[in-house]
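Colleague: Chains as they are written, first to last, in our numbering: chain A, 271 to 461; chain B, 271 to 461. One structure is given below, represented as structure tokens, and several questions about it will come after.
Protein chains: 2
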Amino acid sequence: MPKLGMEPIRRAALVQATIAEIGAAGSLDVTVGQIAKRAGMSTALAHHYFGGKHQIFLAAMGQILSDFRSEVVEKLRIVRIPRARAEALIAASFAPSCFAPATVGAWMTLYAHATTHPETHRLLVLYQRRLRSNLTHALRPICADPRAGAEMLGALIDGLYLRAALAEEASPDAAKATALRALDTLIGART
Amino acid sequence: MPKLGMEPIRRAALVQATIAEIGAAGSLDVTVGQIAKRAGMSTALAHHYFGGKHQIFLAAMGQILSDFRSEVVEKLRIVRIPRARAEALIAASFAPSCFAPATVGAWMTLYAHATTHPETHRLLVLYQRRLRSNLTHALRPICADPRAGAEMLGALIDGLYLRAALAEEASPDAAKATALRALDTLIGART
DNA sequence: TTTTATTGATTGACGGATCAATAAAAAAAC
DNA sequence: GTTTTTTTATTGATCCGTCAATCAATAAAA
């Protein structure tokens, strides 16, 4: 029953299924078979539309990053004052969606694969660049050295996320509070 | 030619070979065969002494963490004033040895596996706890809220390491400088 | 002769990729 | 307006490679 124009639908279903499988497995140790099954198709079709496992993963990671970006844009859209913009960036980074098992798993694998796969590395650099740019822009009017502040705050966000996502002791809320406290210090300090 | 007491020698050789292979591959995608070959023995012997691949990896990661700990202890041993202790912790975290390909690869895989393998997770928690404890101790005499400061600085170190290790733009030295700047701010601030 | 050391060979499973075959819609030909 | 052809969709079966793990066999020290 080949209905035409299946490609985008299938691709989207596969990406979604991949994210779901990553969430279920907690890592990228999922087979194409599992993904295809969840997406309701055969492994052959998955290969047909994506070419290979690696490209399916890349698409899934791109989707997660894209979702995150949407959340950032959305949160930034409704605020005007700089301080609130920085707070919005922090809020987006520690939003509940960022701590969904699938997101955490994908994120950790992104780090692990970035050392070897150039395309994965490019995705990571893209994320870091965007965050730094957004932070610099938010800090420009309220911080003596926006560049340095953004670099610091960006790294802090990543580090806090790491701990909140992996250690059950640290909660997302506590991480967020720590980031906000750092923002306070950053604004009120002379460096 | 069975010389007696081979076990510790073989185990050490395997651990060292594992670290070297991780460095060469940039990730944990190395086979027991590769490791055993580099260590100068058969795969069967590797299994004989370790039981399984996972345990070889755990031992290798434990070794890396142990090496790091030694470096920390060594650096802490020769300083007395609190400020210098905090600086020593930062210096250890951004020492060249931490940026060896094998170390970076092992570290990233540690994060990735921590979500699924409890033993790996335990290793990570151990590292985080030690760093926090060391930082808290160093900050106690010179910071209004040593706990909060340590949590912040610890996360910042991890985040900066992530960027310095993965993005070729950010250098270890720049990361270290940023951490030291944060330390300055932390000491001089009221939170 | 028992224990420790060691390996070559093998097994068994898994998983990514491929391909030939089927089905139906669309387009082209008549 | 029917027939033919082409294009798109889809899958079952299968191939091929990899790799962790096992085992039986060998050798030497105790």
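Yeah, the Cβ is synthetic: ideal placement off N, Cα and C, and Gly gets one too.
Count the other CB atoms within 10 Å of the CB of B:D428; is the residue buried (16 or more) or exposed (fewer)?
Modeller: Per the 10 Å Cβ criterion, buried.
Colleague: Would the beta-carbon of A:A365 fall within 7 Å of that of A:G293?
Modeller: Their beta carbons are not under 7 Å apart, which means A:A365 does not touch A:G293 by this criterion.
Colleague: Let's test the definition: count the other Cβ atoms within 10 Å of the Cβ of A:G424 and tell me whether it reaches 16, buried, or not, exposed.
Modeller: Per the 10 Å Cβ criterion, buried.
Colleague: Tell me where the alpha helix (DSSP H) around A:D299 begins and ends.
Modeller: Premise fails: A:D299 is in no alpha helix (DSSP H) and is neither H nor E.
Colleague: For A:A384, which residues of its own chain have a beta-carbon under 7 Å away from its beta-carbon, when the five flanking residues on both sides are left out?
Modeller: Within the same chain, A:A384 has close Cβ partners T390, H391 and L394.
Colleague: Check whether the Cβ of A:A452 lies closer than 7 Å to any Cβ atom in chain B.
Modeller: With 7 Å as the cut-off, A:A452 counts as an interface residue toward chain B.
Colleague: Using the beta-carbon of each residue, which ones in chain A are nearer than 9 Å to B:G332?
Modeller: Neighbours of B:G332 on chain A: none; closest Cβ ~18 Å, over 9 Å.
Colleague: Please say whether B:Y381 and A:M331 have beta carbons closer to each other than 7 Å?
Modeller: For A:M331 and B:Y381, no; Cβs fall outside 7 Å.
Colleague: Give a yes or no on whether the C-beta atoms belonging to B:G322 and B:G375 are separated by under 7 Å.
Modeller: No, the pair does not count as a contact, with Cβ atoms beyond the cut-off.
Colleague: Taking 7 Å as the CB-CB cut-off, is A:A459 touching chain B?
Modeller: Residue confidence is low: A:A459 scores 48 on pLDDT, short of 50, so the model does not pin down where it sits. No coordinate-derived value is stated.
Colleague: For A:R400 and B:L436, what's the separation of their Cα atoms in angstroms?
Modeller: Those two C-alpha atoms are separated by around 16 Å.
Colleague: Which whole-angstrom value is the C-beta distance of B:I326 and B:L284, which I expect to be below 8 Å?
Modeller: Contact holds; Cβ gap of about 6 Å.
Colleague: Less than 7 Å between the beta carbons of B:A444 and B:R433, yes or no?
Modeller: Their beta carbons are not under 7 Å apart, which means B:A444 does not touch B:R433 by this criterion.
Colleague: Got a sec: is the Cβ-Cβ distance from B:Y381 to anything in chain A below 7 Å?
Modeller: Closer than 7 Å: yes.
Colleague: Here's the rule: buried if 16 or more other CB atoms are within 10 angstroms of the residue's CB, otherwise exposed. What is A:M276?
Modeller: The residue is exposed, with fewer than 16 neighbouring Cβ atoms inside 10 Å.
Colleague: Indicate whether at least one CB of chain B lies closer than 7 Å to the CB of A:S367.
Modeller: By this cut-off, A:S367 is not an interface position.
Colleague: Relative to the C-alpha of B:H267, which candidate in B:P442, B:R281, B:I351 and B:A354 has its C-alpha closest?
Modeller: Given a span of 271 to 461 for chain B in the structure shown, any question on residue 267 of chain B remains unanswerable.
Colleague: Given a threshold of 16 other Cβ atoms within 10 Å of its Cβ, counted over all protein chains shown, does A:I360 qualify as buried or as exposed?
Modeller: Looking at its Cβ environment, which holds 16 or more other Cβ atoms inside 10 Å, A:I360 is buried.
Colleague: List the residues of chain A that B:A425 touches, going by C-beta distances under 8 Å, in chain order.
Modeller: Correct list: L426, G429, L430, L432, R433, A445 and T448.
Colleague: Between the segment 343 to 359 of chain B and the segment 403 to 413 of chain B, do three or more beta carbon pairs fall short of 8 Å?
Modeller: Because the criterion of three Cβ pairs below 8 Å is met, the segment 343 to 359 of chain B and the segment 403 to 413 of chain B touch.
Colleague: Looking at B:M422: is its Cβ nearer than 7 Å to the Cβ of A:A362?
Modeller: Not in contact: B:M422 and A:A362 (Cβ atoms no closer than 7 Å).
Colleague: Taking only beta-carbon atoms, is B:E421 less than 7 Å away from chain A?
Modeller: By this cut-off, B:E421 is an interface position.
Colleague: Out of B:L456, B:Q398 and B:A420, state which residue places its alpha-carbon closest to the alpha-carbon of A:E438.
Modeller: For A:E438, the nearest C-alpha among the options comes from B:Q398.
Colleague: Would B:M378 pass as an interface residue toward chain A - the criterion being a Cβ-Cβ separation below 7 Å?
Modeller: By this cut-off, B:M378 is an interface position.
Colleague: Look up A:H318 in the DSSP assignment and say whether it is helix, strand or coil.
Modeller: A:H318 falls in the helix class under three-state DSSP.
Colleague: From A:R339 to A:A287, what does the alpha carbon distance come to, in whole angstroms?
Modeller: A:R339 and A:A287: Cα-Cα distance of roughly 20 Å.
Colleague: What in chain A is Cβ-close to B:L394, meaning under 9 Å?
Modeller: The contacting residues are L436 and A437.
Colleague: Report the option in A:E341, A:K345, A:T455 and A:G303 whose CA atom is closest to the CA atom of A:C368.
Modeller: Of the listed residues, the one whose Cα sits closest to A:C368 is A:E341.
Colleague: For a contact defined as C-beta to C-beta under 9 Å, what are the partners of B:V374 on chain A?
Modeller: Correct list: T385.
Colleague: Using a Cβ-based criterion (distance less than 6 Å to any ligand heavy atom), does A:A382 qualify as near the ligand NAD?
Modeller: No copy of the ligand NAD occurs in the structure displayed, which carries no ligand at all.
Colleague: To which residues of the same chain is A:A420 closer than 7 Å at the C-beta, ignoring the five residues directly before and after it?
Modeller: If we look at A:A420 and ignore the five residues flanking it on each side, its Cβ neighbours are R402, L405, T406 and L409.
Colleague: Rounded to a whole number of angstroms, what is the C-alpha to C-alpha distance between A:A309 and B:P442?
Modeller: If you take the alpha carbons of A:A309 and B:P442, they lie about 43 Å apart.
Colleague: Since A:V300 and A:T313 should fall inside the 8 Å C-beta cutoff, what is the C-beta to C-beta distance between them, to a whole number of angstroms?
Modeller: Actually they are not in contact, since the Cβ atoms of A:V300 and A:T313 sit about 12 Å apart, beyond 8 Å.
Colleague: To the nearest angstrom, report how far apart B:A447 and A:A418 are at their CA atoms.
Modeller: Whole-angstrom Cα-Cα distance: 10 Å.
Colleague: Pick from B:I334, B:A356 and B:I279: whose alpha carbon is nearest that of B:D454?
Modeller: When only C-alpha atoms are compared, the closest one is B:A356.
Colleague: Between the Cα of B:I279 and those of B:P416, B:L315, B:E291 and B:I334, spot the shortest distance and give me the residue it belongs to.
Modeller: Minimum Cα distance to B:I279 is reached at B:L315.
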